[in-house]
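Colleague: Just so it is clear: in the sequence shown, position 78 is 78 by UniProt numbering, and no numbers are missing.
Quick reminder that beta carbons are idealized off the backbone N, C-alpha and C, glycines included.
Computed from a predicted structure; not experimentally measured.
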Amino acid sequence: MVSLGFGVGVTSVAAQRVRGFSPRTLFSSGEQGAFFDFKAGQMFQDLAAQIPVVRAGDRVALALSQSHGPLSDPVQDSLGPELSTRTYGTLAAGASVALAEPARTGAIYRLTYRISASDYTGDLFLRPAGGPFAYQVLDKTPGLHSYFVAAKDTQTGYMNLGGANPAGSITFDDISLRAVYAGHAVQSGGSAQQPIWQDPPSHLVFDQVDDALTTVLPDLGSNATEFWADETGVTLQPGQTIAAGLRVLPAPAQLFAYGVINRPLTGPEVAAVTDWLQKLSRP
1 MVSLGFGVGV TSVAAQRVRG FSPRTLFSSG EQGAFFDFKA GQMFQDLAAQ IPVVRAGDRV
61 ALALSQSHGP LSDPVQDSLG PELSTRTYGT LAAGASVALA EPARTGAIYR LTYRISASDY
121 TGDLFLRPAG GPFAYQVLDK TPGLHSYFVA AKDTQTGYMN LGGANPAGSI TFDDISLRAV
181 YAGHAVQSGG SAQQPIWQDP PSHLVFDQVD DALTTVLPDL GSNATEFWAD ETGVTLQPGQ
241 TIAAGLRVLP APAQLFAYGV INRPLTGPEV AAVTDWLQKL SRP
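(1) Grouping DSSP H, G and I as helix and E and B as strand, with all else coil, what is Q45?
(2) Taking 8 Å as the cut-off, decide whether the C-beta atoms of L161 and Y113 are in contact.
(3) Check whether the stretch 52 to 71 touches the stretch 176 to 191, taking contact to mean three or more Cβ pairs, one atom from each stretch, closer than 8 Å.
(4) Would you mind reading off the limits of the alpha helix (DSSP H) that contains D275?
(5) Could you name the residues that DSSP lists as bridge partners for L111?
(6) What does G157 pair with, by DSSP beta-bridge criteria?
(7) Specify whether the stretch 207 to 214 and the stretch 168 to 175 touch according to this definition: at least 3 beta carbon pairs, one from each stretch, less than 8 Å apart.
(8) So who's on the other strand from S82, going by DSSP bridges?
(9) For Y135, is the classification buried or exposed, using 16 other Cβ atoms within 10 angstroms of its Cβ as the cut-off for buried?
(10) Nearest-angstrom Cα distance between H203 and V53?
(11) Which two residues bound the contiguous beta strand (DSSP E) that contains Q187?
(12) By Cβ distance, which residues of its chain are closer than 6 Å to Q50, with the 5 residues on each side in sequence left out?
(13) Going by DSSP, what residue range makes up the beta strand (DSSP E) through G233?
(14) Provide the residue span of the beta strand (DSSP E) that contains Q136, from first to last.
(15) Could you tell me if L124 is buried or exposed, where buried requires 16 or more neighbouring beta carbons within 10 angstroms of its beta carbon?
(16) Take the Cβ of G122 as the centre, count every other Cβ of all protein chains shown within 10 Å, and call the residue buried at 16 or more, exposed below.
(17) Measure the beta-carbon distance from Q254 to V216 and round it to whole angstroms, keeping in mind my assumption that it falls under 8 Å.
And the structure:
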């Protein structure tokens, strides 16, 4: 089934003429938005982007938007201003790290830090209720570590050292926090809320209870277009008003692809997107 909100007809004959199409071409003039087709190599099981999704049954914590091409280095893709600019020395229990400026509610950030020494027995964690990010235990071993994190409010504190009667300390060489503006989608609430990847064909399976992926978008205006394919067919929704902030992806039983762009699609583009979505959802 194809559900179209457009006033023009789209014939299967026209769609059949489309060959080699990718929605990436829709963004070739600098359009804003995101799209995902959930192929292997574009998703990770962890927010650090260290464990790729490679086999059916893997859970998805991070999906990379493909709207501006394959990402050879997602750490450096579309990074915004530095929010933490100075180096840090040795911190012990009860210490916290603050931001140079508030995080933007609903935005996704790349946290990177280097530890040169650590004998700390407690946890290094993203600050919970009093800070911008959901509680998340971080790697406290020496070395370079990176995570994708989503801001839930605008408080300035974000990293804490704590635990039950902890001892020891951690020495940070540097800490970096920068916004990611590439439209990536995340689920930071733990594996119970992460969809499962299945293949073939490549798609996500949601439990339709609390599984979800959330992206953060700029202001796409009042004439944006959303499109996706699920187990019921293809949907295109033009004329959408999408403000800056969080956007939860559709969470049907099966999601094969999703995209959103800050403009209407032309008739040929409607045909091309429809054909592309239909092909993705066929075994």
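Modeller: Put simply:
(1) Here the question's residue 45 lines up with position 45 in the sequence shown. Three-state result, Q45: coil.
(2) As a working mapping, residue 161 is identified with position 161 in the sequence shown. As a working mapping, residue 113 is identified with position 113 in the sequence shown. Not in contact: L161 and Y113 (Cβ atoms no closer than 8 Å).
(3) yes
(4) As a working mapping, residue 275 is identified with position 275 in the sequence shown. Here the alpha helix (DSSP H) through D275 covers G267 to L280.
(5) Taking the sequence shown and counting its residues from 1, the one referred to as residue 111 is at position 111. In the DSSP output, where bridge partners are listed per residue, L111 has Y147 and L177.
(6) Taking the sequence shown and counting its residues from 1, one reaches residue 157 at position 157. Paired residue(s): A98.
(7) no
(8) Locating residue 82 in the sequence shown gives position 82, counting from the first residue. A small fix is needed here, since residue 82 is Glu in this sequence, not Ser. Partner(s): R178.
(9) Against the sequence shown, residue 135 aligns to sequence position 135. Classification of Y135: exposed, given that the 10 Å Cβ count is below 16.
(10) Taking the first residue of the sequence shown as 1, we reach residue 203 at position 203. Taking the first residue of the sequence shown as 1, we reach residue 53 at position 53. Distance between the alpha carbons of H203 and V53 is about 12 Å.
(11) The residue you call residue 187 lines up with position 187 of the sequence shown. No beta strand (DSSP E) contains Q187, which DSSP labels as neither H nor E.
(12) Position 50 of the sequence shown holds residue 50. Nothing listed; no residue qualifies.
(13) On the sequence shown, position 233 is the one that residue 233 refers to. Its beta strand (DSSP E) spans residues G233 to I242.
(14) For this step, residue 136 is matched to residue 136 along the sequence shown. First-last of the beta strand (DSSP E) with Q136: Q136 to L138.
(15) Here residue 124 refers to the residue found at position 124 when the sequence shown is read from its first residue. Classification for L124: buried.
(16) The residue labelled residue 122 in the question sits at position 122 within the sequence shown. Buried.
(17) Here residue 254 refers to the residue found at position 254 of the sequence shown. Here residue 216 refers to the residue found at position 216 of the sequence shown. Not confirmed; about 24 Å, so no contact.
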